[in-house]
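Worksheet: the structure to be examined is printed underneath.
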C-alpha cells in the first residue's frame, strides 16, 4: 500500500491529508485561532472538588474549566498506583496548584479532559516522568523485537523515569533510542524549571504544530512522499526532519505546481462528500451516517444493487462493501465514541463472521484505538473508537439556525395551520380592525393558494379581514400575527 502525506498551509489554518493508493483516508485540521490542546502541560489551580463524581474542575487558563477524574490523579505516595478506589477529597483540595496534561480537547460543550500522568513524546519514545516502567507498543507484535527494544532501555538504567517504546521504534538501533532518551531528559529538565517559576494557571509545555506532529507520529516506512505547499513550513519541517528523522529527508518535497495541492489529489471534493449523510457504494448501495451528541449511527441499504444470484447473496455483498467503506469514513470524518452499525440482516452465520472480519481488518489501518462487538440478533454491531479531538463535521460546520440541528423543518402547510391557530387566539383575546400575517414566501403562497378556502372560512368565523405580507428574511417556520 502506497501512502502520501499532503500538507496544505495558509496563514489561517494547516490541513494534512493522508492519501493511500490515491484515496483520501484521513484529514487533520489545525486553525491558528484554535489549536488543539492535547499533549499540552499546564500548571493549573483546582477550582472545585466534586466528591459525588469523584472528580475535580481545574482552571488551566481556558474559558471553560477542565475536567480531572480521580483515576487520572497520581498518588503522591505511589506513582504506579491506580486511584479508581481513592477518595478525590484525599488527593485534591480547592485552591491547590497541580500539574496536568490535556488528554482530550474541548468537545462541544464539554471542557478539556486532564490527567496528572504527564508524558512527553519524541520520535521513538514517550517519557513518563517519575515512573520507572518500560513498556512496548502493542502494535510491535514480534516478541524478539519487543525484547530487543526493552533490553536497550533497561529499567535499572532509568530508575527515575519510565518510557513507552512507540511503534515507530520497530527496527530502530540503540543509537537512535539513546538519542531520544537524551533529548527527552533535557526537555523534561526545561519543563521542570518552567513549573518552578510559573504562576497558575499557566501553559508549561505546548506540543508541536500539526505538520511536525505528523512527521513525528504518523510517518512510517510505507510513506512515499510528504508534499508541502508552503516554503516556510517546508523549511521548518526539513530542519526538524534532519534533526530527528533524517531518513525521511529524501521523501520531503516542496510542491510548486500551478494548481492547488489538494485539487490535484481531489482532496477538496472528498472533504465536501465527507460532510454529507449519504455515502454511495460502488455496487449501488449506500450508507447513511448520523452523528449525535451521544453516539454515531450508520445504516446500510442495498439501494439500486439487486445482485446476480439471490437476496441473501445481495445483502452479503452489500454488507461486505459497506464494512470497508465505513471504516474509511470513520477515519476520514474522525467519528469517535460509541458507534452503532445497522448492517442489513443476514441469515447465514458465516456471512456475519465474514462481514465482521472485513470490518476489523479494515480498521487495522486506523491510528485511533477501536473495539468491535459481535453482530447482534438484530444485525447491529456496537463499536467504540477513541476520540481525542472534534470530528470533521464539528470543525467545519455549525448547527443550522433554521432547523436548530434537527435536520428537518416544518412544512409550509404545517406552518399555515399554526398561523390559523394563532389568529384564532389573537381574535379572541384582542379587539382588532384587521390582522396582518408576516411569513416566508412559501408559507404565504400556500395560504393564498392551497389554503385559500380555509383562510376565507377563518375570516368569516372571526369577522376580521386577514392580510398577508412576505418577509424574505423569515425562515419557513417563523411568522408573526400583527393586530391593526
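Numbering (the UniProt record's numbering), first residue to last: 1 to 484. Glycine is no exception: its CB is placed at the ideal position from the N, C-alpha and C atoms.
Own chain residues within Cβ distance below 6 angstroms of residue i, not counting five before or after
i: residue 234; result: 228 and 254
i: residue 290; result: 297
i: residue 480; result: 438
i: residue 92; result: 46, 49 and 56
i: residue 226; result: 5, 251 and 252
i: residue 86; result: 70
i: residue 303; result: 284, 285 and 286
i: residue 366; result: 331
Cutoff 7 angstroms; reference residue i; Cβ partners in own chain excluding five residues on either side
i: residue 180; result: 122, 123, 124 and 125
i: residue 326; result: 287, 298 and 341
i: residue 240; result: 212 and 215
i: residue 79; result: Summary for residue 79: the model assigns pLDDT 43, below 50, so the residue's position carries little reliability, and this model does not support an answer.
i: residue 76; result: With a pLDDT of only 46 at residue 76, under the threshold of 50, the placement of this residue in the model should not be trusted, and no figure is reported.
i: residue 389; result: 36, 38, 105 and 334
i: residue 127; result: 119, 120, 161, 163, 184 and 188
i: residue 430; result: 483
i: residue 271; result: 27
Contacting residues, own chain, Cβ-Cβ under 8 angstroms from residue i (five flanking each side not counted)
i: residue 99; result: 41, 42, 43, 44, 116, 118, 195 and 204
i: residue 413; result: 446, 450 and 451
i: residue 293; result: 108
i: residue 312; result: 346, 347, 348 and 351
i: residue 94; result: 46, 47, 48 and 49
i: residue 328; result: 23, 25 and 362
i: residue 475; result: 401, 402, 409 and 440
i: residue 19; result: 3, 4, 5, 6, 25, 265 and 267
i: residue 525; result: The shown model of the chain, from 1 to 484, leaves out residue 525, and the question about it has no answer.
i: residue 249; result: 238, 241 and 242
i: residue 373; result: 381, 382 and 383
i: residue 52; result: none
Residue i - partner residues in DSSP beta bridges
i: residue 127; result: 120 and 163
i: residue 44; result: 98
i: residue 468; result: 437
i: residue 8; result: 15
i: residue 331; result: Paired residue(s): none; residue 331 is not in a bridge.
i: residue 134; result: 163
i: residue 24; result: 19
i: residue 482; result: 436
i: residue 30; result: 14
i: residue 352; result: Answer by DSSP bridge pairing: none, since residue 352 is not bridged.
i: residue 57; result: 48 and 67
i: residue 107; result: 110
Presumed contact (8 angstroms Cβ cut-off) between residue i and residue j, rounded CB distance
i: residue 358; j: residue 320; result: 5 angstroms
i: residue 139; j: residue 167; result: 4 angstroms
i: residue 105; j: residue 208; result: Contact doesn't hold; Cβ gap of about 16 angstroms is too wide.
i: residue 339; j: residue 385; result: 6 angstroms
i: residue 437; j: residue 468; result: 5 angstroms
i: residue 54; j: residue 103; result: Rounded, the Cβ-Cβ distance is 17 angstroms, inconsistent with contact.
i: residue 114; j: residue 58; result: 6 angstroms
i: residue 381; j: residue 343; result: 6 angstroms
i: residue 17; j: residue 262; result: 7 angstroms
i: residue 295; j: residue 337; result: 6 angstroms
i: residue 30; j: residue 210; result: 4 angstroms
Cβ-based burial, residue i [other Cβ within 10 Å; buried from 16]
i: residue 486; result: Outside the shown range of the chain (1 to 484) lies residue 486, about which nothing can therefore be said.
i: residue 334; result: buried
i: residue 465; result: exposed
i: residue 174; result: exposed
i: residue 456; result: exposed
i: residue 376; result: exposed
i: residue 15; result: buried
i: residue 355; result: buried
i: residue 197; result: exposed
i: residue 144; result: exposed
i: residue 397; result: exposed
i: residue 101; result: buried
i: residue 153; result: buried
i: residue 11; result: exposed
i: residue 201; result: buried
i: residue 176; result: buried
i: residue 170; result: buried
i: residue 378; result: exposed
i: residue 34; result: exposed
i: residue 473; result: exposed
i: residue 258; result: exposed
i: residue 275; result: exposed
i: residue 470; result: exposed
i: residue 8; result: buried
i: residue 111; result: buried
Any non-hydrogen atom of the ligand ZN within 6 angstroms of residue i CB
i: residue 293; result: Summarising the ligand content, the structure contains no ligands, and the ligand ZN is consequently not present.
Item to complete: Any chance you could list the beta strand (DSSP E) runs of at least 3 consecutive residues sitting entirely within the segment 354 to 414, in chain order?
Response: 370 to 372 and 380 to 385
Worksheet item: Mind pulling the beta strand (DSSP E) runs of 3 or more residues that sit fully within the segment 249 to 317?
Response: 252 to 254, 278 to 280, 286 to 291 and 295 to 301
Worksheet item: Unbroken alpha helix (DSSP H) runs of length 4 or more, entirely within the segment 157 to 242: which are they?
Response: 174 to 197 and 210 to 217
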